[in-house]
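A.B. asks: Dumping the structure here so I can ask a few things about it.
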Ligand SMILES: Nc1ncnc2c1ncn2[C@@H]1O[C@H](COP(=O)(O)OP(=O)(O)OP(=O)(O)O)[C@@H](O)[C@H]1O
Ligand SMILES: [Mg+2]
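Residue numbers (the working numbering): 257 to 504.
What follows is the structure, encoded as structure tokens:
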């Protein structure tokens, strides 16, 4: 029997700005009807050229952005039907997010950055600290727990951002180029941590340009022309592809 689906995207479109010409001038593509499922225990890698909509896809999956049309579900929650408070709660409790630009809070130490989502959710300071210490240790950053983001290397900051995404019981892990600033040994170590979390039951969606890291995934999907193309290179939905071609 296959595992329950944690993330469901159906016919998801996202149009940026006011007019396709503007977007095309920037060399990027809007999402034009993405269908994607990620099951518990499954790690899916997303690959595609710059501007193909990979970060947009992750923002939508994590409830940070709303689709222009289509549905996004995390577990049983229809993300589009939640109000801002509901979406914030979903993100804090269930979604671990490694942002492409990290988004660490500069005024907080590594430890404080990692405990923040737990404390916002009402976890006691002592328990939050214990969980954050464990998460920092997973990425080998427990020795630098008191350091501020501005005093870290890019790779160290990236590892803190990963610890923040892993802390607590996350059901959905979204990682946008989480290994970009890491040397290959640390990158592999981070992939091992992500893989272990997914094997323990989380669903994972990983954006990467690195084929060696994509090889840790159960499945690789490609974003092309605003659609998800599966590993065999066929559109997941030929009708959507045709619709997209007509409206382009
Ligand atoms: N906030 C925004 N406002 C307007 N356009 C946007 C916005 N965010 C993304 N876009 C546009 O949407 C398209 C997809 O961008 P996105 O950042 O999702 O690509 P990406 O695949 O993550 O690229 P990269 O590999 O460079 O990170 C691009 O054309 C981009 O210019
Ligand atoms: Mg991106």
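No residue lacks a Cβ here, since even glycine has one placed at the ideal position from N, Cα and C.
As the structure is a prediction and not an experimental result, all values here were calculated from the model.
For residue 341, count neighbouring Cβ atoms within 10 angstroms of its own Cβ and tell me buried if that reaches 16, exposed if not.
C.D. replies: Exposed, since its Cβ has fewer than 16 Cβ neighbours within 10 Å.
A.B. asks: From the DSSP output, in three-state form, read off residue 346 for me.
C.D. replies: Correct three-state label for residue 346: helix.
A.B. asks: Going by DSSP in three states, residue 447 sits in which element: helix, strand or coil?
C.D. replies: Correct three-state label for residue 447: helix.
A.B. asks: If you draw a straight line from the alpha carbon of residue 281 to that of residue 387, how long is it in whole angstroms?
C.D. replies: Caution is warranted here: a pLDDT of 46 is assigned to residue 281, below 50, making its placement in the model unreliable, and no coordinate value can be reported.
A.B. asks: Quick one, are the C-beta atoms of residue 484 and residue 263 less than 8 Å apart?
C.D. replies: No, these two residues do not count as a Cβ contact at 8 Å.
A.B. asks: Tell me which residue opens and which closes the alpha helix (DSSP H) that residue 410 is part of.
C.D. replies: Where residue 410 is concerned, the enclosing alpha helix (DSSP H) stretches over 410-422.
A.B. asks: Would you check if there are 3 or more beta carbon pairs closer than 8 Å linking the stretch 355-369 to the stretch 399-406?
C.D. replies: In short, these stretches touch, since the Cβ pair count reaches three.
A.B. asks: Let me know if residue 376 comes out buried or exposed under the rule of 16 or more other beta-carbons within 10 Å of its beta-carbon.
C.D. replies: Exposed, because fewer than 16 other Cβ atoms sit within 10 Å of the Cβ of residue 376.
A.B. asks: Give the single residue among 343, 268, 481, 423 whose Cα lies nearest to the Cα of residue 384.
C.D. replies: When only C-alpha atoms are compared, the closest one is 423.
A.B. asks: Alpha carbon to alpha carbon, what distance is there between residue 380 and residue 439?
C.D. replies: Rounded to the nearest angstrom, the two C-alpha atoms are 35 Å apart.
A.B. asks: Could you check the C-alpha separation between residue 358 and residue 391 for me, to the nearest Å?
C.D. replies: If I take the Cα positions, the gap works out to 16 Å.
A.B. asks: Rounded to whole angstroms, what is the Cα-Cα separation between residue 233 and residue 310?
C.D. replies: One cannot answer for residue 233 here, as it falls past the ends of the chain, which runs 257 to 504.
A.B. asks: CB residue 351 to CB residue 450, shorter than 8 Å?
C.D. replies: For residue 351 and residue 450, no; Cβs fall outside 8 Å.
A.B. asks: Would you mind working out which of 360, 297, 353, 473 sits nearest residue 258, comparing C-alpha positions?
C.D. replies: The candidate whose alpha carbon is nearest that of residue 258 is 297.
A.B. asks: Going by C-alpha distance, which of 479, 454, 478, 480 is nearest residue 472?
C.D. replies: When only C-alpha atoms are compared, the closest one is 454.
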